[in-house]
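See structure below.
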Amino acid sequence: MRTIELLLGGIIVVSTFVDILQSVVVPRPTRGSLRLAPFLLDGMWPLWKWIALRFLPAKYRAALLGIYTPLTVVILLLVWGIALIFGYGLLFLALHGELQPRLNDLGTALYFAGTSLLTLGFGDIVATGGITRVLALCAGASGMAIVSGVISMFFSLYSSLGHREVLVTMLHNRAGSPPSGVILLETYAHLKMLEDLPGFLSAWEEWSTEVLIGSLSYPVLPYFRSIRPYESWVSALGALLDPATLIISCIEDGPAGPAHLLYRSGCQLVNDLKDYFKISPAQAQVWTPRSSFEEAYTSLKSAGFCLADPEPALASFIQLRSAYVEALHSLMKYWVVSHRKF
0 MRTIELLLGG
10 IIVVSTFVDI
20 LQSVVVPRPT
30 RGSLRLAPFL
40 LDGMWPLWKW
50 IALRFLPAKY
60 RAALLGIYTP
70 LTVVILLLVW
80 GIALIFGYGL
90 LFLALHGELQ
100 PRLNDLGTAL
110 YFAGTSLLTL
120 GFGDIVATGG
130 ITRVLALCAG
140 ASGMAIVSGV
150 ISMFFSLYSS
160 LGHREVLVTM
170 LHNRAGSPPS
180 GVILLETYAH
190 LKMLEDLPGF
200 LSAWEEWSTE
210 VLIGSLSYPV
220 LPYFRSIRPY
230 ESWVSALGAL
240 LDPATLIISC
250 IEDGPAGPAH
260 LLYRSGCQLV
270 NDLKDYFKIS
280 PAQAQVWTPR
290 SSFEEAYTSL
300 KSAGFCLADP
310 EPALASFIQL
320 RSAYVEALHS
330 LMKYWVVSHR
340 KF
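Set out below in structure tokens:
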């Protein structure tokens, strides 16, 4: 028995299974440990983003950024499989005396591990000892477990993605593109749909909670981009937080209750994701200038809203917006989202 191969193979197999378990099965954040999945997902993104922004024109940039996440998921699955083959190969090489014919090199051990993991069963190498038979069975079970677990993960992942994008796509007709919180409120006022605004805000409160749960359970989910290049769940969230803040601070006859709940849920979402992904604060100036607020105030007044006095409203708006604006701009910069209109 070769002790080094046995220890190294065992470490590789166990650590790979822990990574798969935490990435696919455990429905909660598990980023504290040293794992392969976060390393690939977060580690490749800065380089991929740098290439897209530096070398590609704008019309091709969105396509390259959009294929990053599916490609990373495929690479991660391949790396998991290769890691298990290599780990089991080292274990079989360490126990070469219990195999017929005896294994004399790593390449043959990897071949046997691969046929066991993929349940091919050619029969040219046979496990004759008790330990190697158990390892061969474990390798075959590992392959089936990975396939079933990944299929289940894909169903959950794309279900969450589809549900996330429904409201994002609907926002285009209500808030323009890129979405604007002021345009959203103007649209509801001009179409005489203000009685529907509380339900709309409540739907986005539920949406933000679901996005937070899905993003923490499957950290790959926020990297998936929207179907249309000019749409994004990050800018959509900002386009809902701004009108919620305007309703709280400026609009006296607005649905303050649903706006407060959406504001709290949205602030939790942007700040938790910023901390979870360890995103650096945005360097650009993120405060709303007085002129922009005055323009929004004038637009809302023209739309027929009953507004509070501008000076106290401005102070309240800036205070409320400071709770999320830096984190929101950090997410926009990290995931390369176009800045939205106020």
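If you use numbering that gives the first Met the number 0, the sequence shown corresponds to residues 0 to 341, in order. C-beta: ideal position from N, C-alpha, C; glycine also.
Legend entry - Anticipated Cβ contact below 8 Å, Ala108 with Leu134, distance rounded: Here residue 108 is taken as the residue at index 109 of the sequence shown, counted from 1. Here residue 134 is taken as the residue at index 135 of the sequence shown, counted from 1. Contact flag wrong, Cβ pair sits at about 11 Å.
Inset, instruction - Return the CA-CA distance between Gly9 and Cys137, expressed in angstroms with no decimal places. - result: Along the sequence shown, read from residue 1 onward, the residue named residue 9 stands at position 10. Along the sequence shown, read from residue 1 onward, the residue named residue 137 stands at position 138. Each residue's Cα considered, the two are about 12 Å apart.
Legend entry - For Gly113 and Val210, the rounded distance between their alpha carbons: Translated into positions along the sequence shown, residue 210 becomes position 211. Translated into positions along the sequence shown, residue 113 becomes position 114. Roughly 38 Å separates the two Cα atoms.
Legend entry - Top-ranked residue by Cα proximity to Tyr275, from Phe223, Ile212, Val17 and Ile19: Here residue 275 refers to the residue found at position 276 of the sequence shown. Nearest option by C-alpha distance: Ile212.
Inset, instruction - Check whether the Cβ atoms of Ile246 and Ala258 sit closer than 7 Å, and answer yes or no. - result: The residue you call residue 246 lines up with position 247 of the sequence shown. The residue you call residue 258 lines up with position 259 of the sequence shown. Cβ distance < 7 Å, so Ile246 and Ala258 count as in contact.
Inset, instruction - With DSSP as the reference, label Ala322 as helix, strand or coil. - result: Your numbering for residue 322 matches position 323 in the sequence shown. Correct three-state label for Ala322: coil.
Inset, instruction - Give a yes or no on whether the C-beta atoms belonging to Pro178 and Leu170 are separated by under 7 Å. - result: On the sequence shown, residue 178 is found 179 positions in, with the first residue counted as 1. On the sequence shown, residue 170 is found 171 positions in, with the first residue counted as 1. Taking 7 Å as the Cβ cut-off, Pro178 and Leu170 qualify as a contacting pair.
Inset, instruction - Alpha carbon to alpha carbon, how far is Leu119 from Val285? Give it in angstroms, no decimals. - result: Locating residue 285 in the sequence shown gives position 286, where the first residue counts as 1. Locating residue 119 in the sequence shown gives position 120, where the first residue counts as 1. Reliability of the predicted coordinates at Val285 is poor, the pLDDT of 49 falling under 50, and no value is obtained from them.
Legend entry - Rounded distance between the beta-carbons of Met331 and Ser225, thought under 8 Å: Here residue 225 refers to the residue found at position 226 when the sequence shown is read from its first residue. Here residue 331 refers to the residue found at position 332 when the sequence shown is read from its first residue. Not a contact, Cβ separation roughly 13 Å.
Legend entry - Cβ neighbour criterion (16 or more within 10 Å) applied to Ala326: The count along the sequence shown starts at 1 and reaches residue 326 at position 327. Ala326 should be labelled buried.
Legend entry - Test item: CB-CB of Ser248 and Leu319 under 7 Å: Here residue 248 refers to the residue found at position 249 when the sequence shown is read from its first residue. Here residue 319 refers to the residue found at position 320 when the sequence shown is read from its first residue. Taking 7 Å as the Cβ cut-off, Ser248 and Leu319 qualify as a contacting pair.
Legend entry - Counted within 10 angstroms of its Cβ, other Cβ atoms place Glu205 as buried (16 or more) or exposed: For the purposes of this step, residue 205 is taken as residue 206 along the sequence shown, with counting starting at 1. Exposed, by the Cβ-count rule.
Inset, instruction - May I ask which residues mark the beginning and end of the alpha helix (DSSP H) holding Asn270? - result: By one-based count along the sequence shown, residue 270 stands at place 271. It spans Ala255 to Tyr275 - the alpha helix (DSSP H) in which Asn270 sits, taken as one unbroken run.
Inset, instruction - For Pro100, count neighbouring C-beta atoms within 10 Å of its own C-beta (all shown protein chains included) and say buried if the count is 16 or more, exposed if not. - result: Taking the first residue of the sequence shown as position 1, residue 100 is located at position 101. When all chains shown are included, Pro100 counts as exposed.
Inset, instruction - Let me know if Ala295 comes out buried or exposed under the rule of 16 or more other beta-carbons within 10 Å of its beta-carbon. - result: Position 296 of the sequence shown, counted from the start, is the residue given in the question as residue 295. So Ala295 ends up on the buried side.
Inset, instruction - Would you mind working out which of Phe54, Val23 and Val72 sits nearest Phe223, comparing C-alpha positions? - result: Translated into the one-based positions of the sequence shown, residue 223 becomes position 224. Answer by Cα proximity: Val72.
Inset, instruction - Look up Val285 in the DSSP assignment and say whether it is helix, strand or coil. - result: Along the sequence shown, one-based indexing puts residue 285 at 286. Reliability fails at Val285, whose pLDDT of 49 lies under 50, so the model's placement of it is uncertain and the value that follows must be treated cautiously. Coil, per DSSP.
Legend entry - DSSP three-state assignment for Val17, whether helix, strand or coil: Position 18 of the sequence shown, counted from the start, is the residue given in the question as residue 17. Three-state DSSP puts Val17 in a helix.
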